[in-house]
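In this note's numbering, the protein residues as written are 33 to 641.
From the three backbone atoms N, C-alpha and C, an ideal C-beta is built for every residue, glycine too.
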């Protein structure tokens, strides 16, 4: 075994000789991006080798690293096998998960929690009145048929007498999960989770008031095994299911880290957290529960379950009352999960009377159209381009990411998260950049850059200087960096944007076609998710990502999936609506539709500006 040390945390891990640094990082729990899952095809897992074997660069390292980076000892973690003690440094940056946590949602006006707490002032037993302790408690509670957990029963005699028979009973459904000394009815909490492929968001709610008490987020640590669900499904099948166990441990570890932050911030005890509700895409829901997702990937894309799932917290190891309940909202189909159910619930799509399209612009591109008494849903394989993955200078929305771009005349204006030097570009900046290149004439509707030798004379000198030939053809420099680390948009990046927006636009066309609507018939287009909250509507229309409707009809609704999980947590009525939604919506399977391929090809080109 050899030791790998990760700076700046000075975190040490022992690993077998011949392992690579990416495997060591995963074992150590070190945050390291690997969009391709360690295949050497994304170039995102950069680390600086401080001590260890300094072997010649691999083909992948020569492709993705500049000469200046190679000279400084930068390597790709997935490519670097280690045979002796090694020290590496990972450049840290502030997370921008607060972009999600800022979208806190609004408190539920009339909370109707499924957790019931009742203060009981019980009479003491006497020789004349020998009612057993459990029956004494149950007689004071509404509902005759309650089951009691053995752990509660074993402590009940002492709890009653220490509290002079003044106790609070905690009931979930038909289970008595706690008998607490004194009156604790004012302290009743729950957790709501949105388990995203990229980010996991958690909220702590006061179940009595319905108010959000605190919010926190963590990068999904499964990301080191790949940025998309297909990579994770593949990893889950490794070593007779050991990969599945590892993926489940990663996501639960992150959820517990979030909970730890929430409890520390508020002073709430974990035993006062009685219920949790989670949403996520179908793959994330399976991995959270430790359910084999293998049959989600190939046709016919069959999930192991669809219904709403309820478990005890101790079955999953979540940091809350171990006898509390964990609820996972239902899935709809193999690639339309409980996060979409959360969006539908938050947007009230089952109760709207207008013609409304809700879109979660992400890797899976889920969308729901509510019109004329019907709800239709589909998902499109948009890929992770809009999350910054698979883009040459792409990155998540973190410090140093370009989040907005304006190209006006000869000027290129950038807005960077944290007002830091530009390090890369995230999804909202990517859409802006492409829109700016289109309106300035630097990119044609076909998606090709203007040829600077043939047609560049008409361009302002500043823009002409930014359009250059790189390793993989023409590229546009958004920001000049140090050591050759310029932030660029390449011809290949434009193609990936075309594929992503083409898939989403084609999915929208199919739903409109199946309901007999034209884009102009839509009364509202709702953009769900943190990403939808930050993209510029004008830019999304320019590149053809959204249907051509007046700007005032397009509205960002924030982290609607997370809002849906919160609503289902604090309201029994909302939870019942969520449970019914999969049976009310029609799932459109695009993989069987020849017209989807036709619409996809049509949607690849950018609209003429």
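When the Cα atoms are used, residue 181 and residue 168 turn out to be separated by approximately 16 Å. The way I'd put it, the segment 334-346 doesn't touch the segment 393-405; fewer than three beta-carbon pairs between them come closer than 8 Å. With a cutoff of 9 Å on beta-carbon distance, residue 237 and residue 222 are scored as near each other. Taken through DSSP and simplified to helix, strand or coil, residue 519 comes out as strand. Linking residue 611 to residue 68 through their CA atoms gives a straight-line distance of about 35 Å. Here residue 366 is near residue 314, since their CB atoms are less than 9 Å apart. Around the CB of residue 641, fewer than 16 other CB atoms lie within 10 Å, so the residue is classed as exposed. Two segments are said to touch when three or more pairs of C-beta atoms, one from each, lie closer than 8 Å; by this definition the segment 274-288 does not touch the segment 85-103.
Every beta strand (DSSP E) stretch that sits fully inside the segment 284-322 and reaches 3 residues is listed by chain position as 305-312. One Cα belongs to residue 34, the other to residue 115, and the distance between them is close to 7 Å. For residue 560, the closest alpha carbon among the candidates 530, 591, 537 is that of 591. Within the same chain, 479, 530, 531, 534 come within 8 Å of residue 636 by CB-CB distance, once the 5 residues on both sides are set aside. About 11 Å separates the CB atoms of residue 421 and residue 263; that is not less than 8 Å, and the two are not in contact. Sixteen is the threshold: when 16 or more other Cβ atoms of the shown chains lie within 10 Å of the Cβ of residue 392, as they do, the residue is buried. For residue 399, the pairing in a beta bridge is given by DSSP as 391, 410.
With a cut-off of 8 Å on Cβ pairs, the segment 567-574 is not in contact with the segment 546-553, counting fewer than three such pairs. The straight-line gap separating the alpha-carbon atoms of residue 543 and residue 409 is approximately 7 Å.
Here residue 86 is exposed: its Cβ has fewer than 16 other Cβ atoms, across all protein chains shown, within 10 Å. In chain order, 423, 424 place their CB closer than 6 Å to the CB of residue 525, counting only its own chain and leaving out the 5 sequence neighbours on each side.
Residue 277 has its alpha-carbon roughly 10 Å from the corresponding atom of residue 271. By the Cβ rule, the segment 150-165 counts as touching the segment 196-208, because three or more pairs are nearer than 8 Å.
For residue 205, the closest C-alpha among the options 381, 344, 304, 58 is that of 344. As computed with DSSP, residue 189 is found in no beta bridge at all. Shown here, residue 160 sits in coil according to DSSP, grouped into three states, outside any helix or strand. For residue 534, the secondary structure class from DSSP, reduced to helix, strand or coil, is helix. Shortest Cα-Cα distance from residue 309 to any of 616, 602, 457, 619 involves 602. Under the DSSP definition of a beta bridge, residue 150 partners with 201.
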